[in-house]
Amino acid sequence: KQEVTQIPAALSVPEGENLVLNCSFTDSAIYNLQWFRQDPGKGLTSLLLIQSSQREQTSGRLNASLDKSSGRSTLYIAASQPGDSATYLCAVVLGGGNKLTFGTGTQLKVEL
Amino acid sequence: GAVVSQHPSRVICKSGTSVKIECRSLDFQATTMFWYRQFPKQSLMLMATSNEGSKATYEQGVEKDKFLINHASLTLSTLTVTSAHPEDSSFYICSAQRGGGPDEKLFFGSGTQLSVL
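So the protein lines, in turn, are chains A and B.
In terms of our numbering, the first sequence is numbered consecutively and its last residue is 189.
In terms of our numbering, the second sequence is numbered consecutively and its last residue is 124.
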């Protein structure tokens, strides 16, 4: 059974700091991996999607990397802002399927 | 981007009553919809997958008679929590997909907070 873990569970940083969120998964036979953002009491917004054949994806201040063989992904946020405060979830789709398995999430707080 | 509307956003009900949650894709036809539940400070757990015009596929441990899912059209799926109990209190989120493949982007509703007294 695929298990997805995110470290740290919570993170508080001052505004402007660069930060890295980590995601690990136990079954490396993934089809793709996504990073989502969830604001309190809200649904999810897709941030980045990395196919299993890709190493990284970038969107603005966000950069996600994927090391499929080691079962790891990182989300790098540059020059963090208070508006980045949210819970960040990674999720994987196993090859041959279409279901997302979500990680445990990292709750980020960016302080002024 | 595509919009998925979920309603209601919050519902409080008495134990033993049934609650219906709607998930609509507003500007695209959703071949596949997914229903998740999320307990406080935990991640999303997939409950079931529904395809338009066919019976939903439930994940292991999810009671299909308790959580009734109907995907009657390409723009609407409903989740009915029957005879709700306090342990059913949770945050329920739907997502919709144009096609059924893993490359199709998922669009999420804004969620429904269910509180059963």
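A virtual CB, placed ideally from N, CA and C, is assigned to each residue, including glycine.
Sequence-distant residues of its chain with Cβ nearer than 7 Å to residue i (five each side left out)
i               : result
S123 of chain A : Q111 and F113
E66 of chain B  : L53, M54 and A55
A163 of chain A : R114, Q115, D116 and L185
Candidates the options: closest to residue i by CA position
i               : options                           : result
N77 of chain B  : B:L124, B:S90, B:K27 and B:G23    : B:K27
T135 of chain A : A:T151, A:S147, A:S146 and A:L121 : A:T151
A106 of chain A : A:F179, A:P91, A:S162 and A:G173  : A:G173
Q128 of chain A : A:Y108, A:R149 and A:D144         : A:Y108
K73 of chain B  : B:L83, B:V88, B:M40 and B:S61     : B:V88
E70 of chain B  : B:S61, B:S90 and B:A79            : B:S90
V102 of chain A : A:E80, A:E94 and A:A86            : Looking at the sequence itself, residue 102 of chain A is Phe, so the reference to Val does not match. Per the Cα distances, A:E80.
S146 of chain A : A:G137, A:S130 and A:R138         : A:S130
Where residue i sits in the DSSP three-state scheme
i               : result
D116 of chain A : coil
P93 of chain B  : helix
D72 of chain B  : coil
P85 of chain A  : coil
P15 of chain B  : coil
P159 of chain A : helix
N91 of chain A  : Note that residue 91 of chain A is Pro in the sequence shown, not Asn. Looking at P91 of chain A - three-state DSSP - the assignment turns out to be strand.
L152 of chain A : strand
D34 of chain B  : coil
D144 of chain A : strand
K48 of chain B  : coil
V10 of chain B  : coil
A79 of chain B  : strand
T103 of chain A : coil
S25 of chain B  : coil
Q67 of chain B  : coil
Residue-chain proximity (residue i, chain B), Cβ-Cβ < 8 Å
i               : result
K186 of chain A : no
T151 of chain A : no
F179 of chain A : yes
K145 of chain A : no
L43 of chain A  : Lying before the first or after the last residue shown, residue 43 of chain A is absent from chain A, which here runs from 78 to 189.
Residue-chain proximity (residue i, chain A), Cβ-Cβ < 8 Å
i               : result
F35 of chain B  : no
K28 of chain B  : Note on residue identity: the sequence assigns Ile, not Lys, to residue 28 of chain B. Chain A contact via Cβ: absent.
K4 of chain B   : As shown, chain B starts at 8 and ends at 124. That puts residue 4 of chain B outside it, with no answer to give.
G23 of chain B  : no
F115 of chain B : yes
T56 of chain B  : yes
I100 of chain B : yes
S50 of chain B  : yes
G68 of chain B  : no
L53 of chain B  : yes
Beta-carbon proximity list for residue i, same chain, < 6 Å, skipping 5 on both sides
i               : result
S89 of chain A  : K186
S22 of chain B  : H92 and V123
A2 of chain B   : Absent from the structure is residue 2 of chain B, since the part of chain B shown begins at 8 and ends at 124.
F46 of chain B  : S97
V18 of chain B  : V26 and L121
S142 of chain A : E133 and T151
Residues near residue i in its chain [Cβ-Cβ closer than 8 Å; skip 5 each side]
i               : result
D188 of chain A : In the sequence as presented, Asp is not what sits at residue 188 of chain A; that position holds Glu. Closer than 8 Å at Cβ, skipping near neighbours: S89, V90, P91, E92 and P159.
L81 of chain B  : S32, Q36, A37, T38 and E59
L96 of chain A  : L88, V90, Y153, I154, S157 and L185
C101 of chain B : V11, Q13, I28, C30, M40, F41, W42, Y43, S84, L86, F115 and G116
L177 of chain A : Q111, A168, V169 and V170
S50 of chain B  : none
C20 of chain B  : V26, A91, L121, S122, V123 and L124
Near the ligand PLP: residue i beta-carbon under 7 Å from a heavy atom
i               : result
A156 of chain A : Of ligands this structure carries none, so the ligand PLP is not represented either.
Check your understanding: What are the start and end residues of each continuous beta strand (DSSP E) run of 3 or more residues lying completely inside the stretch 162-188 of chain A, in chain order?
Key -> Counting whole runs of 3 or more residues, the stretch 162-188 of chain A contains the beta strand (DSSP E) stretches 163-171, 177-179 and 183-188.
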